[in-house]
Amino acid sequence: PDIVANGDAKDVGDEFSPADKDFDGLYINLNLSADVKNYSDGSTVLNDVTVRRGDASLFLSYRGSLSNEADLQFLAIYDANNSDAFFRQFELVDKEGGQFTVNNLQNGVNYSFKAAYVDKFGWRSDISDATVSTAPAEVEALLSETQCYLITAGFGRDHYVLDYFRYIRDQYLLKTFIGKKFVDFYYATAPSYVKFILNNPLLAKLIRAMSYTLYFIMNNFIFVGALIMTILLGITFVRQSRRA
1198 PDIVANGDAK
1208 DVGDEFSPAD
1218 KDFDGLYINL
1228 NLSADVKNYS
1238 DGSTVLNDVT
1248 VRRGDASLFL
1258 SYRGSLSNEA
1268 DLQFLAIYDA
1278 NNSDAFFRQF
1288 ELVDKEGGQF
1298 TVNNLQNGVN
1308 YSFKAAYVDK
1318 FGWRSDISDA
1328 TVSTAPAEVE
1338 ALLSETQCYL
1348 ITAGFGRDHY
1358 VLDYFRYIRD
1368 QYLLKTFIGK
1378 KFVDFYYATA
1388 PSYVKFILNN
1398 PLLAKLIRAM
1408 SYTLYFIMNN
1418 FIFVGALIMT
1428 ILLGITFVRQ
1438 SRRA
């Protein structure tokens, strides 16, 4: 319990009257910590916070630098449109970097956030100087903007993999005859599958897995090629050894 009143345990939000007991008063036990960390020296700070849109949600990614004494447990976000007022708090999984989802937002409304680390005692680092701002949007709106229908439907939001394939489309495919034909075919057929993907979580998960795989291969072409070559050479060597 957070409060003990007249010998009875009370939770936050409970209502009670001191006059109901003979004591006619309140006795509150407070648990305080003297373990104060100096988070204002700049050694514990969020260096990079980015945001991507989702349907009635935002996806915030963060990177930070930590001091050796930091005993961090939460990442808090603050409303930059309201004098940096506290907005929400999330439990950290990876202190140096990761991602969390801000749900239950209103589509079409612009949100501006700053962020800070918070330790288990409630002490926080300096609020980040940088502000991230964007407005959540329905998946249909994201589809019309990105025009990468299948991948957008698979992820259901903005994503760095989606950005990568848009870059490939604009910088390479649209500059060649065959690439343009492929893009035209894609735009002529892909929209008809979007609703089916959105209503089929398993298919959306499969599209995400395929997108991640293709993204990895295209970004690590030399490594993947060398790995395949090594495997083929190994198989050839084993076969020749058995024949000998």
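Its first residue numbered 1198, the sequence shown is counted upward by one per residue in this note's numbering.
C-beta atoms are modelled at their ideal positions from N, C-alpha and C, and glycine is treated no differently.
Note that the coordinates shown come from a computational prediction; the quantities given were computed from them, not determined experimentally.
Please report the residue range of the beta strand (DSSP E) in which residue i lies.
{"i": "I1324", "result": "Per DSSP, I1324 belongs to no beta strand (DSSP E) and is neither H nor E."}
{"i": "T1331", "result": "1329–1331"}
{"i": "Y1314", "result": "1308–1316"}
{"i": "D1381", "result": "Per DSSP, D1381 belongs to no beta strand (DSSP E); it is in the alpha helix (DSSP H), 1374–1386."}
{"i": "T1241", "result": "Per DSSP, T1241 belongs to no beta strand (DSSP E) and is neither H nor E."}
{"i": "V1299", "result": "1294–1299"}
{"i": "G1261", "result": "1254–1262"}
How would you write the range of the alpha helix (DSSP H) that residue i sits in, first residue to last?
{"i": "T1410", "result": "1398–1416"}
Give me the residue from the options with the minimum Cα distance to residue i.
{"i": "Q1344", "options": "T1328, V1329, F1362", "result": "F1362"}
{"i": "Y1308", "options": "I1324, K1402, N1279, D1291", "result": "N1279"}
{"i": "K1377", "options": "R1366, T1386, A1387", "result": "R1366"}
{"i": "E1337", "options": "N1416, V1242, N1396", "result": "N1396"}
{"i": "R1249", "options": "H1356, L1430, D1381, M1407", "result": "H1356"}
{"i": "A1253", "options": "S1389, R1405, T1298, V1380", "result": "T1298"}
{"i": "A1327", "options": "F1393, R1321, Y1259, I1428", "result": "Y1259"}
{"i": "F1271", "options": "G1251, V1315, N1300", "result": "V1315"}
Throw me the rounded Cβ distance for the residue i and residue j pair, which I believe falls under 8 Å.
{"i": "N1244", "j": "S1262", "result": "6 Å"}
{"i": "G1351", "j": "A1401", "result": "5 Å"}
{"i": "F1304", "j": "A1334", "result": "One detail in the question is off: residue 1304 reads as Asn in this sequence, not Phe. With 8 Å as the limit, N1304 and A1334 qualify as a contact, their Cβ atoms being about 6 Å apart."}
Could you pull out every residue in the same chain whose Cβ sits closer than 7 Å to the Cβ of residue i, ignoring the five residues on either side in sequence?
{"i": "Y1412", "result": "V1358, Y1361"}
{"i": "T1433", "result": "none"}
{"i": "S1237", "result": "D1323"}
{"i": "L1371", "result": "K1377, V1380"}
Consider the C-beta atom of residue i and the heavy atoms of the ligand SAH; say whether any pair is separated by less than 6 Å.
{"i": "S1258", "result": "Absence of the ligand SAH from the depicted structure is noted, as is the absence of any ligand whatsoever, leaving it without description."}
Apart from the five residues on each side of it in sequence, which residues of its chain come closer than 6 Å, Cβ to Cβ, to residue i?
{"i": "S1438", "result": "none"}
Kindly list the residues whose CB is nearer than 8 Å to the CB of residue i, restricted to its own chain and excluding five residues on each side of it in sequence; keep chain order.
{"i": "Y1275", "result": "D1281, A1282, F1283, F1284, F1310, K1311, A1312, A1313, I1324"}
{"i": "I1394", "result": "L1347, A1350, G1351, L1400, A1401, I1404"}
Task: Entirely enclosed alpha helix (DSSP H) segments - the stretch 1345–1369, minimum 4 residues - done: Those alpha helix (DSSP H) runs which fall completely within the stretch 1345–1369 and span 4+ residues are 1346–1352, 1357–1368.
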